[in-house]
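2 protein chains.
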Amino acid sequence: MNYFSSNFKLGILGGGQLGKMLLFDTRKFDIQTYVLDPSDEAPCKIACNKFFQGDLMDFDTVYNFGKQVDILTFEIELVNLEALEKLENEGKKVYPSPKTLKLIQNKGIQKAFYINNNIPTAPSKTFKNLKKLVVDIVDSKLEMPFVWKCTEFGYDGNGVKIIRTLQDVENLPNVECIAEKMVEFKNELAVIVCRSPSGEIKTYPVVEMEFHPEANQVEYVICPARIDDKVAMKARAIALDVSKKFNHVGLLAVEMFQTFDDEILVNEVAPRPHNSGHYSIEASYTSQFENHLRAILDLPLGNTVSKVAGIMVNLVGEDGFSGDVVYENIQKILGWDGVTPHIYGKKQTRPFRKMGHVTIVNEDINKARKIAEDVKNTIRVIA
Amino acid sequence: MNYFSSNFKLGILGGGQLGKMLLFDTRKFDIQTYVLDPSDEAPCKIACNKFFQGDLMDFDTVYNFGKQVDILTFEIELVNLEALEKLENEGKKVYPSPKTLKLIQNKGIQKAFYINNNIPTAPSKTFKNLKKLVVDIVDSKLEMPFVWKCTEFGYDGNGVKIIRTLQDVENLPNVECIAEKMVEFKNELAVIVCRSPSGEIKTYPVVEMEFHPEANQVEYVICPARIDDKVAMKARAIALDVSKKFNHVGLLAVEMFQTFDDEILVNEVAPRPHNSGHYSIEASYTSQFENHLRAILDLPLGNTVSKVAGIMVNLVGEDGFSGDVVYENIQKILGWDGVTPHIYGKKQTRPFRKMGHVTIVNEDINKARKIAEDVKNTIRVIA
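Protein sequence lines correspond, in order, to chains S and Y. For the first sequence, the numbering used here gives the first residue as 692, with consecutive numbering after it. For the second sequence, the numbering used here gives the first residue as 692, with consecutive numbering after it.
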């Protein structure tokens, strides 16, 4: 198949920032792209070859879009699965496969998959609805604290809550959910795996999420993770195993806990480019986006090794500000070595909206970490 | 001035591959761009915010385009200078300034500038037309061999010819030209300088053009140049001096000869992103394109240091092939470490047409050089 400057068409479901960053690589290779997104202001709207506005959860919209392209991928999991299945059954290449997506879209099914495949994960129980979960609490069958997760449609921290008392359950939606044992962990880690249809497979180095010491919020994604080589090797081996067992094609971001006795437990996965891999644009020989593209086109995978250490800081809308976005002090941070802001292109900020990220690269990870802290304390997303 | 996700508009004259690569950075920062290019198939057409088709040499077209933007830059020197001058006189920010461009657009004026400013360069003489040059040859006032260059509108080797006998002058156009002493050189080098309106200035490392041992053609652009530190320092100092004397804003690529007694002679300059800086996308902390953007927006300049060694190989249309382009063996080279093809997006190949380039990065410059040779011998641009 000739992809380069040809009539080949790659379809991308979702036109957000992940798609936007993927388009840097389709443009670099001059590969034609069609993008479907519900928003008229999607960051992908320019830089794709053809933009379609439409509902990603609507069967006909997704199916008709898919019919027009040669290979179909997605940058968001919340897409109409039945349309993808029909397209795949009709012979369309859909990567990752809807079979994989089906196992991942529902967290209850995802959990069951880990258990059936001997993948280490925290114990959990699935409930058809919130009422059944409450019954278990009342009957003392469920020990608090635990982590409540709705099985579907959660995103970016929505759909996850720590339950310490019965009161915490109030106001949760009455939907299918899981109760997961709260794991005490030393580190939260992630490994991105890329795998092609012909089975070539590579892992990126382990990254570490550093949390704010008080607020329970990831502040920095750090590559490489500051952990033991043995633990890193174990994490990469488990991520590789997860990807193979899913028979996954494209990128799979595997989020994991490192417990205090250095066990690795798989938390959850995302079958697409991931926030934890953004550092790779500046730090790696081949970025996660380019490797996603290479994987789904069954091209040889690129080198996942880092040239230098990389740290990523998310840019989210400051609390208390809504309206036309202003990146306060961005000129200041641009003056520091190895600092690259990525502005996703959303014109309006809202409290905690993901508006961009900043990558800090340096030969010395400790210097990068220091600059990252300065970045975090300097730039503000306001209106 | 707020550039990021704002109403600010950057205008770019020319929509070719240099503009296309600049757009990766305007997109990354979400800076709005308007692009003017004569071709309906310009590589910039997608990924800019608004595309205008029109003649870059036409006064009204360029003037009216410039009126619509806040800052104006160009990716090609062959633009209507009078329109830029009028815009600048009316208060529009035009970077590089038409004053600089005027000194550079005409090679006779450029040469005179070097001499008046004590910048080392090969001796030359300017002729109003070819006939006057022939008279000098016949009168034995001009020693052969020498290098003939037309003073205006030359591009990519057009407009340059080595004259060894009177016969070589036949078929040259009867235009203003210079006759330049043929310099024996050890190396052809280039240094890219970036400079902002507020005077911040940085140079990239010296790159070396490696020529084919038989054909007189650049095969590899190598960074860092494999030369003495002392020579490299001298080359960077001269490039810095040239940029300052031009009072240049944006990128200035300074091409130089290293003579056999290690003198540095300035050959010519280009006031824009340059082929000799393409390696910087993968190899440098900040690419030449991002630094051009930072410079013309008067943002702090990024780090010009390299993370790893970088080598660039041009992809030009194979002789004997015209038509719908095919990049033969591109999948093969994608399988090698640190290899990134850039496909400019021209659908039709022609003999020697610049269709793309390949960057090879590696910690070890000798390994990069070996892989670059394999790339050169493997990929072919055919139809």
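Yeah, the Cβ is synthetic: ideal placement off N, Cα and C, and Gly gets one too. Quick caveat: nothing in here was measured; it's all calculated off a predicted structure.
- What residue 980(S) touches in chain Y, judged by beta-carbon distance under 7 angstroms, is nothing: the nearest beta carbon there is about 12 angstroms away.
- Close partners of residue 1028(Y) in chain S (Cβ separation under 9 angstroms): 976, 993, 994 and 996.
- Proximity to residue 1011(S) across 727(S), 1000(S), 805(S) and 1074(S) peaks at 1074(S), based on C-alpha coordinates.
- DSSP places residue 933(Y) outside any beta strand (DSSP E); the residue lies instead in the alpha helix (DSSP H), whose first and last residues are 920-937.
- Between residue 702(S) and residue 757(S), the gap from beta carbon to beta carbon is short of 9 angstroms.
- In the structure shown, residue 810(Y) falls within a coil segment according to DSSP collapsed to helix, strand and coil.
- Beta-carbon to beta-carbon, residue 991(Y) and residue 1022(S) are separated by about 7 angstroms, close enough to satisfy the 8 angstroms threshold.
- Closest in alpha carbon position to residue 903(Y), among 1040(Y), 1068(Y), 744(Y) and 870(Y), is 1068(Y).
- Listed along the chain, the chain Y residues whose CB falls inside 7 angstroms of the CB of residue 738(S) are 718, 737 and 738.
- Looking at the backbone, the Cα of residue 922(Y) and that of residue 767(Y) are separated by about 30 angstroms.
- Counting only the Cα atoms, residue 930(Y) lies some 8 angstroms from residue 883(Y).
- Residue 819(S) counts as exposed, since fewer than 16 other beta carbons sit within 10 angstroms of its beta carbon.
- Taking a beta-carbon distance threshold of 9 angstroms, residue 1073(S) does not count as an interface residue toward chain Y.
- Between residue 910(S) and residue 916(Y), the alpha-carbon positions lie close to 40 angstroms from each other.
- Below 8 angstroms, too few C-beta pairs join the stretch 975-990 of chain Y and the stretch 1023-1036 of chain Y to call them touching: fewer than three.
- Around the C-beta of residue 771(Y), 16 or more other C-beta atoms lie within 10 Å, and the residue is accordingly described as buried.
- The beta carbon of residue 727(Y) is closer than 6 angstroms to those of 704, 743, 745 and 756 in its chain, skipping five residues each way along the sequence.
- Scanning the stretch 695-744 of chain S for uninterrupted beta strand (DSSP E) segments of 3 residues or longer gives 700-704, 723-728 and 741-744, listed from N- to C-terminal end.
- Nearest Cα to residue 732(Y) within the set 1039(Y), 1070(Y) and 1049(Y): 1039(Y).
- Looking at the DSSP output, residue 949(S) bridges to 878(S) and 955(S).
- Judged by DSSP secondary structure, residue 1063(Y) falls outside any beta strand (DSSP E) and instead within the alpha helix (DSSP H) spanning 1056-1069.
- Per DSSP, residue 911(S) is one residue of the beta strand (DSSP E) stretching across 909-914.
- For residue 969(S), there is no enclosing beta strand (DSSP E), since its DSSP letter is neither H nor E.
- Distance from the CA atom of residue 762(S) to the CA atom of residue 699(S), rounded to whole angstroms, is 9 angstroms.
- The three-state reading of DSSP puts residue 897(S) in coil, since its state is none of H, G, I, E or B.
- Residue 958(Y) is positioned such that its CB atom lies closer than 9 angstroms to that of residue 812(Y).
- Residue contact check for residue 896(S) against chain Y: no CB pair falls below 9 angstroms.
- Listed in chain order, the non-local C-beta contacts of residue 815(Y) below 7 angstroms within the same chain comprise 802, 869, 870, 871 and 872, local neighbours out to five positions each way being set aside.
- Rounded to whole angstroms, the Cβ separation of residue 867(Y) and residue 842(Y) is 4 angstroms, and the two are in contact under 8 angstroms.
- The beta strand (DSSP E) runs of length 3 or more contained entirely in the stretch 838-870 of chain Y are, from start to end of the chain, 851-854.
- Within chain Y, the residues 696 have their CB atoms less than 7 angstroms from the CB of residue 1038(S), given in chain order.
- Contact note: residue 693(S) reaches chain Y through 1017, using a C-beta cutoff of 7 angstroms and chain order.
- Put simply, the CB of residue 1022(Y) is near chain S, with a gap under 9 angstroms to one of its CB atoms.
- When only Cα atoms are considered, residue 825(Y) and residue 977(Y) end up about 48 angstroms apart.
- Within the stretch 702-715 of chain S, those residues whose Cβ lies closer than 7 angstroms to any Cβ of chain Y are, in chain order, 715.
- Using a CB distance cut-off of 9 angstroms, residue 766(Y) does not count as an interface residue toward chain S.
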